[in-house]
Structures are given as structure tokens and as C-alpha cells.
Amino acid sequence: MKTHSLSFFDIVIIPSVPKLPRFSNKTTIRTDVADRPESWSLMMCPIHYVLTFWAWFVWWMYVCNVIHIFIMIFKWFFTSWAFFFLTQQPIRKQKDQELQKSFQDHTN
Numbered sequence: 010m011k012t013h014s015l016s017f018f019d020i021v022i023i024p025s026v027p028k029l030p031r032f033s034n035k036t037t038i039r040t041d042v043a044d045r046p047e048s049w050s051l052m053m054c055p056i057h058y059v060l061t062f063w064a065w066f067v068w069w070m071y072v073c074n075v076i077h078i079f080i081m082i083f084k085w086f087f088t089s090w091a092f093f094f095l096t097q098q099p100i101r102k103q104k105d106q107e108l109q110k111s112f113q114d115h116t117n
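Mind the numbering: the sequence shown is residues 10 to 117 in the numbering used here, read in order.
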């Protein structure tokens, strides 16, 4: 009976043993801390990133508000223009004159 030998398809897990910190009287710089992932906080963001973000935010709010004001002015102008020209049609004037004439004939 053949004993099992390691083949290409066998998974071999070699655990890495963490090194214990060496305690000494000398103060040493811990280089293992820099490799560790750490939780991100807003205070770690550089101040020029924050200022750039707020500058862009204020600028685009200004631009969007100006565009919105122009759109509203155009809408007000267009609605008043459309209302004026829709109510000043010759057919509408003729019908109004006919109604006014019939009303005057009815009252007389």
C-alpha cells in the first residue's frame, strides 16, 4: 500500500509566525505600525484638500444658481410672451367683438 506523497494539487499552508516585540531599554522606532491598515478619519485629510473641495463647492453652487436664475427669467419671459400672443390673436379679437356686439344688442 502506497503512502500519500505531496503532489502538485496538494495545498500546503505554511503559517507565518508573528515576531514578538523585543523589549529593550533603548527607544526604537516601530516600523510595523506604518504597514498596518488604519481607520480613516476626516482629520487626516490635508487642509488644502478641504479648502479645494469647499472652493469648488461654493463655485459650482454659484454657477448653478446663476444658471437657474437665467432659466427662471427665460421661463417668466416666455410664459408672459406666450400668454400675450395667445390672447392677442385676431380670431380671439373677432370673437370678443362679436360677443360684445351681441351683448350690446341684447341690452338695447
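Every residue, glycine too, gets a C-beta built ideally from N, C-alpha and C.
| Query | Result |
| --- | --- |
| To which residues of the same chain is residue 98 closer than 7 angstroms at the C-beta, ignoring the five residues directly before and after it? | none |
| Which residues mark the beginning and the end of the alpha helix (DSSP H) in which residue 70 is found? | 56 to 96 |
| Three-state secondary structure (DSSP) at residue 111? | helix |
| Determine the direct distance from the alpha carbon of residue 100 to that of residue 110, and round the result to whole angstroms. | 15 angstroms |
| Can you give the Cα-Cα distance for residue 102 and residue 85, rounded to whole angstroms? | 25 angstroms |
| Is residue 102 helix, strand or coil by DSSP? | helix |
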